[in-house]
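Undergrad: I am attaching a structure below and will ask some questions about it afterwards.
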Amino acid sequence: MEMIPELDSSQELKVYFFPELYLQRRIWILNILRKEGITRVLDVGCGEGELLGVLSQPAPWLPPPPPTVLPPVEPTTPDAPIPPTPVYNDEIPNLHIKEIHGLDISSTDLEFAVKAVAPPREEPDAIDSPGIRSYHRGVQRWEELVAKVWKGGLEVINEEFVDMECIVSTEVIEHLPPEIFQAYAPMLLGVYHPQYFLVTTPSYTFNARFTSPDAPKSARNGFLDPTGRTDRIFRHSDHKFEWTREEFETWCDETAAEWGYDVERTTIGRATDVDPWGRDDALGGASSVAVFRRRSDTDSKVREEKGRRIIRELSLSGEPHQPLAVYQHGANPASMKPKSLAEIAACVKVKMEEFREAFMRVEDVWFESEIACMCGGWIELLLRAAEESPDLNLKRDVDGVVKTHSNMWSIELIGGVADPSHLWPAEGDTSTEFIPPDWTPGEGPYEGWEESDADGSTGIEGDVSSGPSDEEMEEDLGKGGGNWPAWKASVQDADEEVKSNWDVQGVWGAATVESSWSLPSDIPHSARTSTAGWDGDESDDTTS
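Using full-length UniProt numbering, the first residue of the sequence shown is number 1, and each one after it goes up by one.
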């Protein structure tokens, strides 16, 4: 029988998440967006725009081209195990977002959201030299994106949100005042009637994980239900409620039935440590999550009219939504305008010869901007060009083992011999080929050295400083009336303070954050969360 360690029941338990809880919620959302191929998203209660910032990042390449651009090629034999030019099957599918909207009521948070979706600054084109590879490339965007950030309340209708493909509501519903909560489902699932609706909220059931089963109520750090409806202790001072798993499931089922949706619900966010009392399965995860999918047996116009009628009857007042930012992220001019396969292959051959590489991963070749532009943003054209070129070979195997996922594929330069750049010239070789590319005559570390400098000790061998010793400093400062010991002690104290605060994150609820040095050795630093069980998010004011 496993022994339960002796714990002080009057103290909260330390609970850690990895990845952190807010990241687990974001991963859950992104996985659904990828799976469903969603391109238009509204983030209700977007806060500082963490999700919007992720969604505004461009995909590295376009979806596979149509047959009119890249006609399919029949296998050479009926039994050919690998058809020519398979789709570049990403292990994690890319998102191809075309439109994003963010809505929140906090002006302070929205300032960050506006920055999160702003187009990146244009970088000057790198001046490439033959054989010199640039390891920093600007972002290539192959698809246009419209990003809008709005300030306003949930209770006000925004006509641009009607028939949105997907609406996301992350840790928002528990913050809504009762009168606004009444408009939540009618507005989002009725007036806007998205094809997909994703919602997350804290699970009150999980809160038991922060104390032992016999702990007194006083052991729980947090916030008493501000509405007075219950005696529950919440994770955040602004929460108007926290639902148990059963309460959340009931709300999901009733709401889905009323508005014509199918719903799947679960929990995410398990603690990294096993509960000493074996409650993990019963308590589930720290966040309750659900995905609503619109059914086709109900007319969306009926949903919309019903939602508008309820909103009118609620008679909620509010200012029209104010657009704080409208950004148009333009696509690369070369997008969907590829060159011929022969031209693409010739460019790849030239690049590999310049780099003195006999083999290069497909993605390394792709991120040479010139090649990606010649392909018009379609990486499949690069694969086909390598297949058909007499100078190149598309390798789908590693050491003879065929790789299913194409991120392991490489391109071979037929007849090429890998010749990595020489860092140092051979003895007696004075070729200008070995002059550093950033060398300027008379400047830099290559100048000013005399042979006589090599005589004797440098004075710094085995030390971290070429300055005088501590004893010498004490003596010198003592002669001049200085206070070396006190100054040295103050520097050491400051250094210790920096170390002790290196991993300190935001404090949530009434918890006290410990230094990272007290974490269990098997828990990554990023697994830290507060003992109050709040999610370790980047801001405590990211929702309404």
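From the three backbone atoms N, C-alpha and C, an ideal C-beta is built for every residue, glycine too.
To the nearest angstrom, report how far apart L198 and V172 are at their CA atoms.
TA: Rounded to the nearest angstrom, the two C-alpha atoms are 11 Å apart.
Undergrad: Looking at the structure shown, is I97 part of a helix, part of a strand, or coil, going by DSSP?
TA: Residue state, collapsed to three classes: coil.
Undergrad: In the DSSP assignment, what are the bridge partners of M360?
TA: M360 is bridged to I411.
Undergrad: Can you have a look at G45 and say buried or exposed, based on whether 16 or more other CB atoms are within 10 angstroms of its CB?
TA: Counting Cβ neighbours within 10 Å, G45 comes out buried, since at least 16 surround it.
Undergrad: Tell me, to the nearest whole angstrom, how far the beta carbon of E319 is from that of G152; I am working on the premise that it is less than 8 Å.
TA: Indeed they touch by this definition, with Cβ atoms about 6 Å apart.
Undergrad: Of the residues L33, P216 and G190, which one's Cα is nearest the Cα of D155?
TA: A small correction: the amino acid at residue 155 is Glu; Asp does not occupy that position in the sequence shown. It is G190.
Undergrad: Leaving out the 5 sequence neighbours to the left and right, which residues in its chain are closer than 8 Å to K240 when beta-carbon positions are compared?
TA: If we look at K240 and ignore the five residues flanking it on each side, its Cβ neighbours are E174, H175, L176, P177, P178, F181, P226 and T227.
Undergrad: Would you identify the three-state DSSP class for S287, choosing helix, strand or coil?
TA: Strand.
Undergrad: Figure out for me which residue from R245, L381 and L413 has the closest Cα to the Cα of Y88.
TA: Of R245, L381 and L413, the residue nearest in Cα terms is L381.
Undergrad: Would you decide whether D109 is buried or exposed? Buried here means 16 or more other CB atoms lie within 10 Å of its CB.
TA: Its Cβ being crowded by 16 or more others within 10 Å, D109 is buried.
Undergrad: Classify I379 as buried or exposed, calling it buried when 16 or more other Cβ atoms lie within 10 Å of its own Cβ.
TA: With 16 or more Cβ atoms within 10 Å of its Cβ, I379 is classed as buried.
Undergrad: Alpha carbon to alpha carbon, how far is V146 from V350? Give it in angstroms, no decimals.
TA: Going by the C-alpha atoms only, they are around 37 Å apart.
Undergrad: Alpha carbon to alpha carbon, how far is W366 from A372? Give it in angstroms, no decimals.
TA: So the alpha carbons of these two residues sit roughly 5 Å apart.
Undergrad: Confirm, please, whether the CB-CB distance from T201 to F248 is below 8 Å.
TA: Yes, they are a contact pair.
Undergrad: Using the beta-carbon count (16 or more within 10 Å), is G278 buried or exposed?
TA: So G278 ends up on the exposed side.
Undergrad: Under the rule that 16 or more other beta-carbon atoms within 10 Å means buried, what is I97, buried or exposed?
TA: Looking at its Cβ environment, which holds 16 or more other Cβ atoms inside 10 Å, I97 is buried.
Undergrad: What is the rounded straight-line gap between the Cα of V362 and the Cα of R40?
TA: V362 and R40: Cα-Cα distance of roughly 30 Å.
Undergrad: Residues in its own chain within less than 8 Å of A208 by CB, not counting five upstream and five downstream?
TA: R279 and L283, listed in sequence order.
Undergrad: Give a yes or no on whether the C-beta atoms belonging to L30 and A286 are separated by under 8 Å.
TA: Contact flag unset, no.
Undergrad: Per DSSP, what are the beta-bridge partners of F197 in this structure?
TA: In DSSP, F197 forms a bridge with I167 and F292.
Undergrad: Counting pairs of Cβ atoms below 8 Å between the segment 111–121 and the segment 305–314, do you hit three or more?
TA: Cβ pair count under 8 Å is below three, so no.
Undergrad: Give every residue of the same chain whose Cβ lies closer than 7 Å to the Cβ of E370, excluding the five residues on either side of it in the sequence, and list them in chain order.
TA: Excluding positions up to five away in sequence, the list reads C347.
Undergrad: Using the beta-carbon count (16 or more within 10 Å), is S237 buried or exposed?
TA: S237 comes out exposed.
Undergrad: Can you list, in chain order, the residues of its chain with a C-beta nearer than 6 Å to that of Y192? Leave out the 5 residues immediately preceding and following it.
TA: The answer, listed in chain order, is F161, V162 and M164.
Undergrad: Strictly by DSSP, which residues pair up with E264?
TA: Note: E264 sits in a beta bridge opposite V291.
Undergrad: Among S296, L324, S203 and D391, which one has its Cα closest to the Cα of I344?
TA: Among S296, L324, S203 and D391, the Cα nearest to that of I344 belongs to D391.
Undergrad: Following the continuous alpha helix (DSSP H) through R34, name the residue where it begins and the one where it ends.
TA: Where R34 is concerned, the enclosing alpha helix (DSSP H) stretches over L21 to E36.
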